Each structure stands twice: as structure tokens, then as C-alpha cells.
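2 protein chains.
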Amino acid sequence: MLTLEKQRSMAASKKSEHRELSPTIKTLAAHTGFSIATVSKALRGSPVVAQQTRDAIVAAARTLGYQANIRGMALRTGKTYRAAVLMPITSAAGYEWDGVEYTQILSGISQALENSDYQLSVHGFRDFGDAFDTARRIVDQSAADGLIFSGVQADDPRIDMLVESDFPFVSLGRCRKPLTYAHVDVDNEWAAFTATARLIAGGHRRIALINADRRLSYALDRIDGFSRAFDEAGLATSMDLVADGDLSTRFGRDSALRLLGLPSPPTALVCINESTTLGVLSALGSLDRRVGVHVDVIAYDDINVSAYFTPPITTFYQPIELLGRKLGEFLLRRMAGEDAAKLTMVSRPELIGRQPDNLGGRNRR
Amino acid sequence: MLTLEKQRSMAASKKSEHRELSPTIKTLAAHTGFSIATVSKALRGSPVVAQQTRDAIVAAARTLGYQANIRGMALRTGKTYRAAVLMPITSAAGYEWDGVEYTQILSGISQALENSDYQLSVHGFRDFGDAFDTARRIVDQSAADGLIFSGVQADDPRIDMLVESDFPFVSLGRCRKPLTYAHVDVDNEWAAFTATARLIAGGHRRIALINADRRLSYALDRIDGFSRAFDEAGLATSMDLVADGDLSTRFGRDSALRLLGLPSPPTALVCINESTTLGVLSALGSLDRRVGVHVDVIAYDDINVSAYFTPPITTFYQPIELLGRKLGEFLLRRMAGEDAAKLTMVSRPELIGRQPDNLGGRNRR
DNA sequence: TTTGGACATAAAAACGTTTTTATCCTTCTT
DNA sequence: AAGAAGGATAAAAACGTTTTTATGTCCAAA
Numbered sequence: 032m033l034t035l036e037k038q039r040s041m042a043a044s045k046k047s048e049h050r051e052l053s054p055t056i057k058t059l060a061a062h063t064g065f066s067i068a069t070v071s072k073a074l075r076g077s078p079v080v081a082q083q084t085r086d087a088i089v090a091a092a093r094t095l096g097y098q099a100n101i102r103g104m105a106l107r108t109g110k111t112y113r114a115a116v117l118m119p120i121t122s123a124a125g126y127e128w129d130g131v132e133y134t135q136i137l138s139g140i141s142q143a144l145e146n147s148d149y150q151l152s153v154h155g156f157r158d159f160g161d162a163f164d165t166a167r168r169i170v171d172q173s174a175a176d177g178l179i180f181s182g183v184q185a186d187d188p189r190i191d192m193l194v195e196s197d198f199p200f201v202s203l204g205r206c207r208k209p210l211t212y213a214h215v216d217v218d219n220e221w222a223a224f225t226a227t228a229r230l231i232a233g234g235h236r237r238i239a240l241i242n243a244d245r246r247l248s249y250a251l252d253r254i255d256g257f258s259r260a261f262d263e264a265g266l267a268t269s270m271d272l273v274a275d276g277d278l279s280t281r282f283g284r285d286s287a288l289r290l291l292g293l294p295s296p297p298t299a300l301v302c303i304n305e306s307t308t309l310g311v312l313s314a315l316g317s318l319d320r321r322v323g324v325h326v327d328v329i330a331y332d333d334i335n336v337s338a339y340f341t342p343p344i345t346t347f348y349q350p351i352e353l354l355g356r357k358l359g360e361f362l363l364r365r366m367a368g369e370d371a372a373k374l375t376m377v378s379r380p381e382l383i384g385r386q387p388d389n390l391g392g393r394n395r396r
Numbered sequence: 032m033l034t035l036e037k038q039r040s041m042a043a044s045k046k047s048e049h050r051e052l053s054p055t056i057k058t059l060a061a062h063t064g065f066s067i068a069t070v071s072k073a074l075r076g077s078p079v080v081a082q083q084t085r086d087a088i089v090a091a092a093r094t095l096g097y098q099a100n101i102r103g104m105a106l107r108t109g110k111t112y113r114a115a116v117l118m119p120i121t122s123a124a125g126y127e128w129d130g131v132e133y134t135q136i137l138s139g140i141s142q143a144l145e146n147s148d149y150q151l152s153v154h155g156f157r158d159f160g161d162a163f164d165t166a167r168r169i170v171d172q173s174a175a176d177g178l179i180f181s182g183v184q185a186d187d188p189r190i191d192m193l194v195e196s197d198f199p200f201v202s203l204g205r206c207r208k209p210l211t212y213a214h215v216d217v218d219n220e221w222a223a224f225t226a227t228a229r230l231i232a233g234g235h236r237r238i239a240l241i242n243a244d245r246r247l248s249y250a251l252d253r254i255d256g257f258s259r260a261f262d263e264a265g266l267a268t269s270m271d272l273v274a275d276g277d278l279s280t281r282f283g284r285d286s287a288l289r290l291l292g293l294p295s296p297p298t299a300l301v302c303i304n305e306s307t308t309l310g311v312l313s314a315l316g317s318l319d320r321r322v323g324v325h326v327d328v329i330a331y332d333d334i335n336v337s338a339y340f341t342p343p344i345t346t347f348y349q350p351i352e353l354l355g356r357k358l359g360e361f362l363l364r365r366m367a368g369e370d371a372a373k374l375t376m377v378s379r380p381e382l383i384g385r386q387p388d389n390l391g392g393r394n395r396r
């Protein structure tokens with residue numbers, strides 16, 4: 032019978048218990064004497080509320096240490112306040128270097144999101160198919176408001192799917208389809224061209240390319256640049272010396288051993304990343320060949336340790352953490368409604384010549 | 032005037048528009064003829080609902096592809112369905128190897144959470160103070176239901192804070208205070224002891240320890256093990272050969288150069304991780320000293336590439352990704368209410384002898 | 001026949017927001 | 001002086017859940 036009365040008293044006792052915990056919009060309303068609607072509008076900066084009122088409410092919010100409850104906001108607005116990142120799961124022993132750049136990517140993204148309302152959430156995937164499924168699930172369940180991923184394939188189904196469903200995303204890498212979407216990339220074609228041309232100018236004719244899986248867009252880009260260097264020099268591309276596989280140190284080593292054992296072996300190698308480079312150097316060590324003496328090596332940097340290899344290796348340095356920051360920044364802007372066409376960046380990695388190899392001028396044979 | 036009517040019609044049109052999008056509990060209620068309360072209970076497995084009813088509802092949920100809305104759940108329950116991880120931000124160029132193990136940690140955690148309701152969220156921090164603040168913010172704003180972090184200090188304020196506020200967490204590493212909390216750790220004392228003892232048995236007396244920042248708990252553990260090896264052999268510990276700093280390759284190189292230039296230099300080095308090891312090898316290269324000939328080196332693995340160093344280095348292999356899985360598993364169990372005292376693991380890394388150094392038996396001098 | 005549990009389900013309240021709609025004053029127009 | 005227009009705020013509805021409370025119905029005990 033006395034339901035109402037009972038409830039009231041319960042509510043009251045509950046309130047007094049929890050009062051200390053976290054002030055809500057209701058607390059602010061009670062404190063300032065305004066309605067919760069006005070409080071909400073004042074805090075969101077709506078122009079309809081009077082300046083004086085806003086000031087009072089903001090002041091109260093500050094003194095009470097009010098923090099908007101993200102769950103309430105999320106439910107009402109349908110947003111999640113999350114930015115999702117797809118990250119490869121590296122399970123196999125011996126492949127620990129795989130995805131090593133993700134620390135830096137995440138680090139960069141995290142910095143970009145630092146002063147936003149968004150939190151970073153990470154979703155592991157195992158293979159291309161899994162990556163697609165995960166992306167789709169994020170969209171379908173609206174588990175995040177935006178998505179970042181790398182490992183773009185030439186014909187990446189994630190990009191089609193995301194473009195079609197108009198879900199905000201930024202990719203690290205470009206696919207080969209004429210779609211408009213936000214992306215950050217490194218000019219792999221240019222880098223491979225430059226590296227190869229440098230070696231050709233140094234007199235090399237048999238050049239190996241230790242490359243990534245050909246399903247990956249950037250692997251194709253590098254082959255393009257590699258070929259173009261030969262073409263522009265009027266030479267035949269040493270396509271038989273292109274090895275593709277995973278990015279492991281083991282792959283680098285095995286490839287180098289195989290290629291150097293060929294009847295017509297390479298006199299120079301271009302390596303996809305530092306992991307494979309380390310493998311290549313390990314192979315050269317076993318074969319008693321020395322970099323800069325018997326063969327030349329140019330590599331891509333990922334964790335910037337080529338300087339400490341023995342000998343130091345000439346590389347294209349990719350500031351991955353900066354790319355990560357760009358990814359985060361672009362995603363924020365994309366989620367804020369900015370046009371995807373304007374959110375693109377393709378950077379040229381910086382060549383760091385570490386070997387006294389006088390490549391680019393020397394005529395070796 | 033016709034407000035009610037108008038609203039009804041609007042609601043109807045809205046519903047028919049959005050019907051396709053995502054079925055809610057209300058949709059299920061309408062479809063099955065039960066109330067939303069019953070539907071909710073049926074789906075959550077509450078025992079009060081009749082078996083027949085439950086079956087019908089579950090069937091409907093399946094055919095309609097119902098997925099519980101996490102935002103609704105979150106608001107109602109006060110949970111976030113997130114597991115937070117604190118990750119160091121690696122900003123400076125030259126420190127790209129820093130935190131390299133985080134890819135694997137995250138990978139492991141991600142796998143552990145795969146079949147749970149929890150999503151992984153990553154929070155970057157810059158230094159000890161920032162890490163604490165971030166942890167506190169997560170607790171205060173209940174931005175997550177649980178927390179994982181590493182880089183534990185001997186006197187880590189995060190642990191006090193989290194224990195006191197009874198917030199579920201698991202740390203990678205232990206502090207030096209007698210508190211009960213869930214953790215995963217490597218037996219660093221044992222590993223340092225074993226490595227040092229092995230070198231002592233090999234005849235070394237002047238042994239260097241390339242160590243981490245002494246504020247870190249595991250840095251102290253390693254010093255303890257290092258000292259114990261000397262103690263048990265009845266020798267004086269070469270404390271003057273302990274270098275502490277960051278985990279960068281540069282630090283490894285600089286330390287090795289400095290130590291080897293001392294009047295009474297080390298004849299062997301124990302290295303904290305592969306990054307510093309690479310630096311040490313680089314230094315040895317510059318000084319024309321060879322591992323296994325002039326000096327011996329034992330290191331800790333993190334990304335399992337020591338096998339490819341020139342020469343390959345004997346290491347303690349730490350299966351970081353597995354530790355990550357444990358962290359995730361423990362956190363899930365902790366969040367489910369399990370006792371923290373039962374959620375502890377200290378693993379002994381596996382010694383992988385890669386050098387033909389016959390250490391442990393040889394008497395070098 | 002009543003009373004009073006069980007049992008199964010429905011109704012209602014609540015979580016904390018945002019947003020739409022309603023209400024109340026002023027002030028300006030005519 | 002009456003009405004319109006505008007400004008400021010309040011009220012109410014809604015987002016999708018879970019959980020507490022209420023409402024029946026049936027059957028055994030009195």
C-alpha cells in the first residue's frame with residue numbers, strides 16, 4: 032500500500048549511501064536548482080542556455096568533480112566512444128618479431144586519442160579471414176565508432192565492406208581499388224625503386240628482393256618499384272630473385288641461403304624489414320660473406336636497430352609511431368564527419384646510409 | 032493536441048524503418064509474446080523461467096540474430112565489459128625496441144579474452160607517475176572492470192591503490208610489499224642466479240650485469256640472484272659492474288663500451304633483454320672482441336631472435352605471449368570473483384644454450 | 001469453500017544521459 | 001491592450017537492459 036512512501040525512503044537512504052561515489056547530472060540539477068535537461072545542455076555547450084546559468088552549472092560540476100557517465104551517454108547516443116584497432120595475434124614460437132611494429136602503432140594512436148573522448152580498444156585476429164570477420168562484427172554490433180587496421184591486401188574486402196556501410200575507418204596501407212577512403216601509407220613503390228636504382232647504379236645486376244606475402248598491397252608496390260628501377264636502367268628485372276613469405280627472421284635467413292646458393296646468385300639484397308634483415312645477416316655469417324664486401328644490403332627499418340647490426344645496414348627509416356599518430360588523428364577527424372578524401376597521407380621513408388658502401392656512384396663490375 | 036496519436040504513428044514508422052537493424056529484447060518479447068522481463072531472464076539463464084519458455088525465447092533470439100546491446104547492459108549493471116591494459120608510450124626515436132614485448136602481451140591477453148564478454152582496451156602512459164594517474168582514473172571513473180599492467184616497481188603505488196579500492200587487477204611482476212594480489216611473474220632471481228652461477232663455474236670472476244632501472248622490482252630481483260651466485264661460490268660480487276638504465280640498444284652498447292674500458296673489465300656479461308644484447312654485441316664488434324672467445328654473454332629473450340645474432344647467444348627464453356594469456360585468464364577469473372591469492376604464477380624461463388661455450392664446466396682462467 | 005504458498009509471468013522502476021516537446025515569462029508589434 | 005514572438009527553462013520520453021515488485025493461477029492444506 033505505502034509503496035510510494037516506501038520507495039521514497041529507500042531511494043533516500045540509497046542516495047545518502049552512494050552520494051559520495053559519483054555525482055550525476057541529477058546531483059548537479061539538485062545543487063544548482065536547474066533541471067537535468069538544462070544541466071545537460073549547459074555542459075554540452077548548447078547555445079540555448081543562458082550564459083549565467085551555464086557558468087553556475089559548470090562551476091558546480093567542477094567543485095563536485097562531476098564526470099559524465101560514459102555508459103549513459105553511450106546508451107542514449109548509440110555511440111561507443113571507442114576506436115577499435117585490428118591487431119594480428121602472433122602465436123607461433125619463432126615469430127615473435129611479427130607485428131613488432133604494433134607497439135609503436137598503438138603508441139601513436141594512443142597519443143592521438145589522448146585528449147579526445149575516445150578509448151582505444153584492441154581486437155586480435157589470426158588471419159585474413161578472421162580480420163574480415165572481426166571488422167564486420169565491429170560494424171554490425173557497433174562495438175566501436177571507428178576502426179583502424181593495417182596489412183591491407185591488394186583487394187581488401189574490409190575496405191569494400193567498410194566503405195559500403197559508411198563506417199569511419201583509416202587504414203595503414205592502400206588497396207588497389209579506386210575507392211575513396213581515409214588512409215596513411217608509406218610510398219613503398221618509391222622506396223623499392225630508390226633502393227634498387229641505388230644498387231643498380233652501384234653496378235649490381237642480380238638483385239634479390241626479400242618481400243612480404245604477395246596478397247599484401249605493399250608487397251606488390253615494392254615489386255613495382257623494384258621492376259621500374261630495372262626498366263628505367265634498360266635492364267631485365269631479376270624477378271627470379273624475388274622471395275615472398277612471412278616477415279620472420281627465419282624466412283629472411285632461409286631465403287638468403289637459398290638465393291645465394293643459386294647458380295646465378297644475387298650480389299645485393301633488398302630486405303622488407305629488420306626482422307628479415309637480421310635473418311639475411313645471419314645467413315651471410317654462416318656463408319662467410321661480408322656485407323659491403325661480398326654483397327650489399329638495403330633494408331626497411333621498423334624498430335630502428337639496423338644501426339646496431341654488424342655491420343650497420345643502410346635502411347629506409349619509417350617513423351611508425353608517427354604514422355600511428357596520423358592514423359589516430361585521421362580517425363578522430365573522420366568520426367567527426369570530415370571527408371575521407373581529405374584524410375590521406377603517403378609519406379616517403381628517409382634513406383639512412385649506414386654502410387660505407389659508396390653505392391650510387393661506385394661501379395662494382 | 033493529437034500528441035499521443037502522432038507519437039504512436041511516429042514510433043510505428045520509426046520501428047518499421049529500423050526493424051531491420053538490430054533486434055532488441057523488445058523485439059523478442061513481441062515475437063514470442065512474453066514480457067521483456069521474461070525474455071531477459073530467459074536469456075540470462077535465470078532459473079525462475081519455465082524450460083519451455085526459455086527454449087522458445089532462445090530459439091527466437093537465434094532466428095532473429097539477437098545480440099544483447101552492450102550499452103544497455105553496461106548502463107544497467109554498471110559494468111563496462113572492458114579489460115584495460117596499461118601500455119608504455121614509446122615516443123623517442125632510438126627507443127623503438129622499448130615495449131616491443133607488448134605486442135605479445137596484448138596478443139596473449141586478447142586470446143584469453145576471446146570467448147568472454149570482455150573487450151580489451153589499451154591506455155598509454157609516459158612515466159611512472161602517469162601510469163599511476165591512469166590507473167586511478169580507470170578506477171575512479173570505472174572506465175573498465177579490470178586492469179592489467181607491467182613494469183612493477185618495488186614499491187608500486189598502483190598496487191596499494193588497487194588493493195585498497197578492491198579493483199580487480201593482475202600485474203606482470205611482483206612488488207616487494209607483503210600484499211595479496213593476482214600476478215604473473217618470471218623468476219628473475221633464479222634466472223639471474225643461474226646465469227651468473229654458470230659463468231662463475233666457467234671460470235669468470237668479473238661479471239657484468241646489464242640491468243634495468245633499479246626502481247623496477249625485477250631489476251632488484253636480478254641483482255639479488257646475481258649476488259647470491261657470488262655468495263654461494265664464496266666470492267665477492269662484482270657490484271661495480273652492474274649497469275642500470277633503460278632497455279634500449281643504445282644503453283646496451285654504451286654500457287658495454289664503458290665497462291670493457293675499465294681497468295678491471297668484465298670477462299662476461301649478463302644482459303637484461305635482446306635489445307641491450309644487440310647493443311652489447313655491437314660494442315664488442317667495435318672493440319674487435321668476439322663472443323665465446325674474449326667474453327661470454329648470457330641474455331634474456333624477448334622476441335626470440337638471439338638465435339640469429341652473430342654469434343647466436345645463450346638466453347633465458349621467456350614465453351611472453353603465454354604470460355599474456357595467463358594475465359588475461361587470471362583477470363577474467365578475478366573479475367568473476369575468484370580469490371586473488373589463488374591467481375598467482377611465477378614461471379622459470381628456459382635456458383637455451385646456443386653458444387658452444389661449454390660454460391658450466393670449463394675452467395677458463 | 002477458504003487460505004496460502006509455489007510457480008510462472010507481467011509490470012514497473014531504475015541506470016544516466018540526450019533530445020524533443022511543453023511551459024512560462026518578457027518584450028515587442030499593431 | 002491583445003496577441004505574437006522569442007528566450008529560458010522544465011518536463012517528459014527515449015535509448016536497452018536488469019531487477020525488484022506485483023499479479024495471476026494452480027494446488028494442497030485447513
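Residue numbers (our numbering), protein chains in the order written: chain A, 32 to 396; chain B, 32 to 396. Glycine residues also receive a C-beta, built at the ideal position from the N, C-alpha and C atoms. Quantities reported herein were computed from a predicted structural model and do not represent experimental measurements.
At 7 Å on the CB atoms, spell out the chain A contacts of residue i, in chain order.
i	result
tyrosine 331 (chain B)	Simply none; closest approach about 13 Å.
Assign residue i to one of two classes, buried (16 or more other C-beta atoms within 10 Å of its C-beta) or exposed (fewer than that).
i	result
threonine 298 (chain B)	buried
alanine 42 (chain A)	Reliability fails at alanine 42 (chain A), whose pLDDT of 37 lies under 50, so the model's placement of it is uncertain and the value that follows must be treated cautiously. Counting Cβ neighbours within 10 Å, alanine 42 (chain A) comes out exposed, since fewer than 16 surround it.
valine 377 (chain B)	exposed
glutamate 397 (chain B)	Because chain B here runs from 32 to 396, residue 397 (chain B) falls outside it and cannot be looked at.
arginine 168 (chain B)	exposed
glutamate 381 (chain A)	exposed
leucine 52 (chain A)	exposed
leucine 93 (chain B)	The amino acid occupying residue 93 (chain B) in the given sequence is arginine; leucine does not appear at that position. Counting Cβ neighbours within 10 Å, arginine 93 (chain B) comes out exposed, since fewer than 16 surround it.
alanine 114 (chain B)	buried
leucine 293 (chain A)	exposed
arginine 205 (chain B)	buried
In three-state DSSP terms, what is residue i?
i	result
threonine 345 (chain A)	strand
phenylalanine 282 (chain B)	helix
valine 273 (chain A)	strand
glycine 391 (chain B)	Because the pLDDT at glycine 391 (chain B) is just 43, under 50, the model does not fix this residue reliably, and the point stays unresolved.
glycine 316 (chain B)	helix
tyrosine 339 (chain B)	helix
valine 311 (chain B)	helix
aspartate 161 (chain B)	helix
valine 170 (chain B)	helix
Could you tell me which chain B residues have their CB closer than 7 Å to the CB of residue i, listed as they occur along the chain?
i	result
arginine 284 (chain A)	Tyr339
leucine 312 (chain A)	Thr341
glutamine 98 (chain A)	Gln172
Give the interface partners of residue i over in chain A, defined as CB-CB distance under 8 Å, in chain order.
i	result
tyrosine 149 (chain B)	The contacting residues do not exist; tyrosine 149 (chain B) stays about 10 Å from chain A at best.
Judging by CA-CA distance, which residue of the options is the nearest neighbour of residue i?
i	options	result
arginine 75 (chain B)	B:Val324, B:Ala99, B:Leu52, B:Gly64	B:Ala99
glycine 213 (chain A)	A:Arg385, A:Ile383, A:Asp191, A:Leu374	In the sequence as displayed, the identity of residue 213 (chain A) is alanine instead of glycine. With distances taken between Cα atoms, alanine 213 (chain A) lies closest to A:Leu374.
tyrosine 331 (chain A)	A:Arg320, A:Ile241, A:Glu360	A:Ile241
glycine 139 (chain B)	B:Pro350, B:Gly316, B:Arg281, B:Arg107	B:Pro350
leucine 288 (chain A)	A:Ile329, A:Leu315, A:Thr227	A:Leu315
alanine 91 (chain A)	A:Val324, A:Gly283, A:Leu362, A:Ala61	A:Ala61
serine 306 (chain B)	A:Arg365, A:Glu352, A:Ala338	A:Ala338
isoleucine 329 (chain A)	A:Gly384, A:Ala372, A:Ser173	A:Gly384
Considering residue i, what are the terminal residues of the alpha helix (DSSP H) in which it resides?
i	result
phenylalanine 261 (chain A)	248–263
alanine 61 (chain A)	56–63
glutamine 98 (chain A)	Unbroken run through glutamine 98 (chain A): none, as it is neither H nor E.
arginine 365 (chain B)	351–366
Show which residues of chain A have a CB atom less than 9 Å away from the CB atom of residue i.
i	result
valine 324 (chain B)	Those do not exist, as valine 324 (chain B) stays about 15 Å from chain A at its closest Cβ, beyond 9 Å.
Check the Cβ of residue i against every Cβ in chain B and list those closer than 8 Å, keeping chain order.
i	result
valine 131 (chain A)	Val131, Thr134, Ile334
methionine 118 (chain A)	Thr134, Leu137, Ser138, Ser141
arginine 102 (chain A)	Arg102, Ala105, Leu106, Gly109, Thr111
How would you list, in chain order, the residues of chain B whose beta-carbon sits under 9 Å from the beta-carbon of residue i?
i	result
glycine 384 (chain A)	Simply none; closest approach about 17 Å.
Return the first residue and the last residue of the beta strand (DSSP E) that residue i is part of.
i	result
serine 202 (chain A)	200–203
isoleucine 120 (chain A)	First-last for isoleucine 120 (chain A): undefined, no H or E at that position.
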